[in-house]
Amino acid sequence: MYDIKALYEAKSVEDAINLRIAHPDAQILAGGSDVLVQIREGKRAGKELISIYMLDEIRGVSLDENGAIRIGSLTSFSHITKNEIIQKYINVLGEAVDMVGSPQIRNIGTIGGNTCNGVTSADSASTLFALDALVELTGKDGKRIIPISDFYIKAGTVDIHPDEIQTAIIIPKEKYIGYHGHYIKYAMREALDITTTGCSVNVKLSEDKKTFLDVRIAYGVAGPIPMRAKTAEEFIKGKAVTKENIKEFSLQVMGDINPRDSWRASKAFRQHLATELAQRAITECITLAGGEI
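Per the numbering used here, the sequence shown starts with residue 9, numbered consecutively.
In structure tokens:
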């Protein structure tokens, strides 16, 4: 049934790195919600796998001494959604990953596996882009930390060196304190469906709630990789919280996104979704921040 060449089970992060070096063509097995399906379809026939699933050292959510939120790469979607730190500071991420697949998939699927796939439709990805997340990679020479925007290279390809594994997602304190976020996923079904277009927004308002101090907006399935709409972000920063500015903000996203035609949706429909979701998401963020329109 499982026509693989070999399965190696890492005992530690260091052991996983050594296995990566010894078996450079082997695929990492984290939760397995994607890889096991590929194996059953025969797509991994004759391949080697390195399982890191038992590495509790890279599982869980914590606050470091600088107030940064650290999410171990093997943390499941279910644990992220239910975690008190996530709920208190970046509940938008818990809401986003709670839209992945089914309860069974969310119980086994991991944040590391979701991002390392490199696909634009990953529900965690656009929200991590909007949070300005960092990716921690550990290899034979130690740790390497890069912005998530640099981690994604092209569709299905991420920046992981042959001797590395992803060990954490990090949200610096200054990227979440004072911000309120909201994620909207549009799909043909309410569950068990791949995102047609996803939009995640983070907003920081002035003390009187009348001015946008900062806005970060990111999309899934608006291009080959998750992407920020920087043109829209620059437009809205420093502007008054008004319906007119929100409308123009949503139109400004068209300067950055580049969705494609597919059997799921046309490019034109995805462009329409992008503007509509931008308005809805930023409006909800304003409400969450205590502002009014």
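Idealized CB from N, CA, C, for every residue including glycine. None of these values were measured; they are calculated from a predicted model.
- prompt: Among the residues of its own chain, which have a CB less than 7 angstroms from the CB of residue 179, if the five just before and after it don't count?
  reply: 76, 77, 98, 139, 141, listed in sequence order.
field: In chain order, each alpha helix (DSSP H) run of at least 4 residues that lies wholly inside the segment 221-277
entry: As far as the segment 221-277 is concerned, its whole alpha helix (DSSP H) runs of at least 4 residues are 238-244, 251-260.
- prompt: Run through DSSP, which three-state label would residue 38 get?
  reply: DSSP places residue 38 outside both helix and strand once states are collapsed to three, so it counts as coil.
message: Within 8 angstroms, do at least three Cβ pairs link the segment 14-32 to the segment 57-65?
response: Put simply, the segment 57-65 touches the segment 14-32. At least three CB pairs are less than 8 angstroms apart.
- prompt: Between which two residues does the beta strand (DSSP E) harbouring residue 155 extend?
  reply: Per DSSP, residue 155 is one residue of the beta strand (DSSP E) stretching across 150-155.
message: Is the beta carbon of residue 118 closer than 9 angstroms to that of residue 71?
response: Not a contact, by the Cβ cut-off of 9 angstroms.
Segment contact flag, the segment 201-221 with the segment 129-138, C-beta cutoff 8 angstroms, min 3 pairs: Segments in contact, yes.
field: Boundaries of the beta strand (DSSP E) in which residue 188 is found, first to last residue
entry: Unbroken beta strand (DSSP E) run through residue 188: 188-194.
- request: Determine the DSSP secondary structure at residue 74, reduced to helix, strand or coil.
  value: Look at residue 74 here: in three-state DSSP terms it is coil, with no helix or strand label.
- prompt: Mind checking residue 274: buried by the 16 CB within 10 Å criterion, or exposed?
  reply: Under this definition residue 274 is an exposed residue.
task: Look at the alpha carbon of residue 150 and the alpha carbon of residue 160, and state the distance between them as a whole number of angstroms.
output: Whole-angstrom Cα-Cα distance: 21 angstroms.
query: Given residue 41, which residues of its chain have a CB within under 8 angstroms of its CB, disregarding the five upstream and five downstream residues?
result: Non-local beta-carbon contacts of residue 41 in its own chain, meaning distances under 8 angstroms to residues more than five positions away in sequence, involve 109, 113, 116, 117, 121 in chain order.
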